Structures are given as structure tokens and as C-alpha cells.
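Chemist: The sequence shown runs 1 to 267 under UniProt numbering.
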Amino acid sequence: MFFPVSKLLGFFALPSNLLVVLGLLGIVLLATRWRRAGLRLVVASVVLVALLGWSPLGNALLVPLEDRFPPIPDDGRPVAGIVVLGGAVTPDVAEARGIVVLNEAAERLTAAATLARRHPSARLVHSGGDPGFLLPDGNESAVALRLLAELGVPAAQLVAEDRSRNTVENAVYSKTLTDPKPGERWLLVTSAYHMPRAIGVFRRAGFPVEAYPVDVRTRGRVDLWRPFPTIGDGLRRTDTAMREWVGLLVYRLTGRSSALFPGPEGG
1 MFFPVSKLLG FFALPSNLLV VLGLLGIVLL ATRWRRAGLR LVVASVVLVA
51 LLGWSPLGNA LLVPLEDRFP PIPDDGRPVA GIVVLGGAVT PDVAEARGIV
101 VLNEAAERLT AAATLARRHP SARLVHSGGD PGFLLPDGNE SAVALRLLAE
151 LGVPAAQLVA EDRSRNTVEN AVYSKTLTDP KPGERWLLVT SAYHMPRAIG
201 VFRRAGFPVE AYPVDVRTRG RVDLWRPFPT IGDGLRRTDT AMREWVGLLV
251 YRLTGRSSAL FPGPEGG
């Protein structure tokens, strides 16, 4: 039940979707006795699209998420396993074309491959199944493991967790599959902006992991005042950030995260 509800909430958590729905509602009202209210909705949607698209709001929302967990230095300590979350491949296109197709989160996989070679005794778990809701998208792990093998990771090191559809299932199914032992060191690889929510969920699931953030989208605080050259770029960045902030709130309220805004210090 949680999965379809989360997908529905996720749709409306994206400002771009919400503003288009607002504008369409305004257009419908133009043909009714509430024409004035409809006109206001249309104007408001256009103004807000411009504001969210060109202004640096998306960066301002994303920077605190990306800065929450600092990069982990290579201190030479042994690693028992690495969990890399899905989201770096486009499985439906990959399946249709017969090739590996990566998206802008590709560093999740390239960084995981580097870690696997650096720690040859560690298990590398790719966690991600078919995230499709109304229509199937294809299985992410099948594509991801193919790429990891091509990048030189031995097959004996690779483990597919191919059932999960969201971050909660990533944590629960990965823990069940790997059965981590007390004292073992496990690294969690995902995009920096997604790391706070992911860490909170893994902690709640009782799977202690260390954050290994990758796929950084901003330069840091210098981007707090940097506008976007196109509306599409700005809306995409704002959508990405808002999905995480809403996800943090919903996961905490539903008891699926250890804290509202998990950090390195615990919680």
C-alpha cells in the first residue's frame, strides 16, 4: 500500500507537476462563472514556473542535502560490503536497445565499481528492481550488474537485490539478502542529495551503513545565488530537491526514517 501512495505523493511533490495542474485548472475555470479565479490561477502558474525555473531556488534547496554527509576518506579500513542504490540506469530504454543506458546519476555505478576494485573481498550489492508504477520500466539490477561486470568487477563479488522499488525496500531487502554481521563495515553509495533520506531509512531498518555520497549536482554555497540559464534546468533541479525534502518529512511521519534530517552524528 505504501508504494502506490508514495508514487502518488511523489507526483504532486514535484513543483513542475503541481504548477501545470494549477494552470490547467485555471484554464478550465475560464469557461465557467469562476473565470476571474481561473485567470488568477493561470497567471500564478506562469509566474511561479518562471520563478522556480530561472531563480536559484533549486540550488538553495539542494545544497543543504548535498552538504549533509561529507565524502569518506580512504583510510584503509576493511570493507565487508557495498550497497549501491538504483537510479543510475534507464532500464526500459536499455532493454529495448540491447545496450546499457545511463542517466545523470551514473556516478553511483562508476564509483561503486571503483570501490569494488579497491576492496576486492567486499560484496557489491546493487539494490533496485522495477520502479515503474502504472507501466513497467524494466529491472534496474539486470542492467546495472551488466555494466559493473564490464567495468571489471568480478562476478563473484556482485549481488543483485532486484525486488526493491523505493528507498524503504532498498534497505529492508538489502539487509535480508546480505545479513550483515555486527562489526562489519558496509558502505552505502547513492547521490549526495539522496543520502540523508537513505541513511535514515537504513538506520531505521537496523542496517548500519556508512555514507559514501556521489553524484554531486552543485558546487556548494556559491550556487545559492546562481540563476539557471533555462527554465527546464531550474525546474528539474527544484523537482529533485523538493522530492527529497517531502520524502524526508513523509518517511519520518510514517516511521520509516530514524530522524527528520539524518546526519553523520546519528539519529
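Using N, Cα and C, we set each Cβ at its ideal position, and we do this for glycine too.
A quick note: this is a predicted structure, and the numbers were derived from the prediction, not measured.
Alpha carbon to alpha carbon, what distance is there between Val216 and Val222?
Modeler: Position 222 of the sequence shown, counted from the first residue, corresponds to residue 222. Position 216 of the sequence shown, counted from the first residue, corresponds to residue 216. Whole-angstrom Cα-Cα distance: 14 Å.
Chemist: Let me check understanding here. Comparing Cα to Cα, which of Gly132, Asn59, Trp54, Arg219 lies closest to Thr240?
Modeler: If you number the sequence shown from 1, residue 240 lands on position 240. Out of Gly132, Asn59, Trp54, Arg219, Asn59 has the C-alpha closest to the C-alpha of Thr240.
Chemist: Which residues bound the beta strand (DSSP E) around Leu188?
Modeler: The sequence position of residue 188 within the sequence shown is 188, counting from 1. Looking at the DSSP string, the run of the beta strand (DSSP E) that includes Leu188 is 186 to 191.
Chemist: Could you spell out where the beta strand (DSSP E) holding Leu85 opens and where it closes?
Modeler: To locate residue 85, count along the sequence shown from 1; it is residue 85. Element bounds for Leu85: 81 to 85.
Chemist: Could you check which residue in Phe11, Val46, Gly129 has the C-alpha nearest to that of Leu24?
Modeler: Working through the sequence shown from its first residue, we reach residue 24 at position 24. Selected option, being the one with the closest Cα: Val46.
Chemist: By how many angstroms is the C-alpha of Arg33 removed from the C-alpha of Asn139?
Modeler: On the sequence shown, position 139 is the one that residue 139 refers to. On the sequence shown, position 33 is the one that residue 33 refers to. If you take the alpha carbons of Asn139 and Arg33, they lie about 49 Å apart.
Chemist: If distances are taken between C-alpha atoms only, which option among Tyr251, Arg146, Pro70, Leu158 comes closest to Val83?
Modeler: By 1-based counting over the sequence shown, the position of residue 83 is 83. Comparing Cα positions, the closest option is Leu158.
Chemist: Which of the three DSSP states is assigned to Arg68 in this structure?
Modeler: Along the sequence shown, one-based indexing puts residue 68 at 68. Looking at Arg68 - three-state DSSP - the assignment turns out to be coil, as it is neither helix nor strand.
Chemist: On the three-state DSSP scale, how would you describe Ala165?
Modeler: Reading the sequence shown from its first residue, position 165 is the one you call residue 165. According to the sequence provided, residue 165 is Arg. The question's Ala does not apply to it. Three-state DSSP puts Arg165 in coil, outside helix and strand.
Chemist: Which residue's Cα is closest to the Cα of Ser258: Ala205, Phe11, Leu102?
Modeler: Translated into the one-based positions of the sequence shown, residue 258 becomes position 258. Comparing Cα positions, the closest option is Ala205.
Chemist: With a Cβ-Cβ cutoff of 7 Å, do Leu52 and Leu235 count as a contact?
Modeler: Residue 52 sits at position 52 when you count from the first residue of the sequence shown. Residue 235 sits at position 235 when you count from the first residue of the sequence shown. Yes.
Chemist: Is Pro208 helix, strand or coil by DSSP?
Modeler: Sequence index remark: in the sequence shown, residue 208 carries index 208 (1-based). Coil.
Chemist: On the CB-based measure, 16 or more other CB atoms within 10 Å of its CB, does Asn166 come out buried or exposed?
Modeler: If you number the sequence shown from 1, residue 166 lands on position 166. By the neighbour-count rule (16 or more Cβ atoms within 10 Å), Asn166 is buried.
Chemist: When DSSP labels each residue in this structure, what does Pro213 get in the three-state scheme?
Modeler: For the purposes of this step, residue 213 is identified with residue 213 of the sequence shown, where counting begins at 1. Strand, per DSSP.
Chemist: Verify whether the separation of the beta carbon atoms of Met195 and Pro15 is less than 7 Å.
Modeler: Indexing the sequence shown from 1 puts residue 195 at position 195. Indexing the sequence shown from 1 puts residue 15 at position 15. It is not a contact, given that the beta carbons lie outside the stated cut-off.
Chemist: Quick one: Cα of Ala13 to Cα of Leu249, how far?
Modeler: For the purposes of this step, residue 13 is taken as residue 13 along the sequence shown, with counting starting at 1. For the purposes of this step, residue 249 is taken as residue 249 along the sequence shown, with counting starting at 1. Each residue's Cα considered, the two are about 11 Å apart.
Chemist: Relative to the alpha-carbon of Glu210, which residue among Ile199, Ser121, Ser127 has its alpha-carbon at the smallest distance?
Modeler: In the sequence shown, the residue the question calls residue 210 occupies position 210. Residue Ile199 is the option with its Cα nearest to Glu210.
Chemist: Whether or not the stretch 168 to 184 and the stretch 59 to 69 are in contact is what I'm after, with contact meaning three or more pairs of Cβ atoms, one per stretch, closer than 8 Å; do they touch?
Modeler: The stretch 59 to 69 vs the stretch 168 to 184: no contact.
Chemist: Reducing DSSP to helix, strand and coil, say where Ala106 ends up.
Modeler: In the sequence shown, the residue the question calls residue 106 occupies position 106. Three-state DSSP puts Ala106 in coil, outside helix and strand.
Chemist: Do the CB positions of Ala105 and Ser174 come within less than 7 Å of each other?
Modeler: On the sequence shown, position 105 is the one that residue 105 refers to. On the sequence shown, position 174 is the one that residue 174 refers to. No.
Chemist: Alpha carbons only, please: which of Ala144, Pro208, Leu48, Arg226 is nearest the one belonging to Ile99?
Modeler: Mapped onto the sequence shown, residue 99 falls at position 99. Of the listed residues, the one whose Cα sits closest to Ile99 is Ala144.
Chemist: Leu48 to Phe11, Cα distance in whole Å?
Modeler: Numbered from its first residue, the sequence shown carries residue 48 at position 48. Numbered from its first residue, the sequence shown carries residue 11 at position 11. So the alpha carbons of these two residues sit roughly 18 Å apart.
Chemist: Taking the alpha carbon of Glu265 as the reference point, which residue from Leu22, Leu115, Arg68 has its own alpha carbon closest?
Modeler: Stepping through the sequence shown from its first residue, residue 265 is reached at position 265. Minimum Cα distance to Glu265 is reached at Arg68.
Chemist: Assign Arg108 to one of two classes, buried (16 or more other C-beta atoms within 10 Å of its C-beta) or exposed (fewer than that).
Modeler: Position 108 of the sequence shown holds residue 108. Buried, because 16 or more other Cβ atoms sit within 10 Å of the Cβ of Arg108.
Chemist: On the DSSP bridge list, what partners appear for His194?
Modeler: On the sequence shown, residue 194 is found 194 positions in, with the first residue counted as 1. Beta-bridge pairing links His194 to no other residue.
Chemist: By the DSSP assignment, the alpha helix (DSSP H) with Ser141 in it spans what residues?
Modeler: Position 141 of the sequence shown, counted from the first residue, corresponds to residue 141. Run containing Ser141: 140 to 150, per the alpha helix (DSSP H) assignment.
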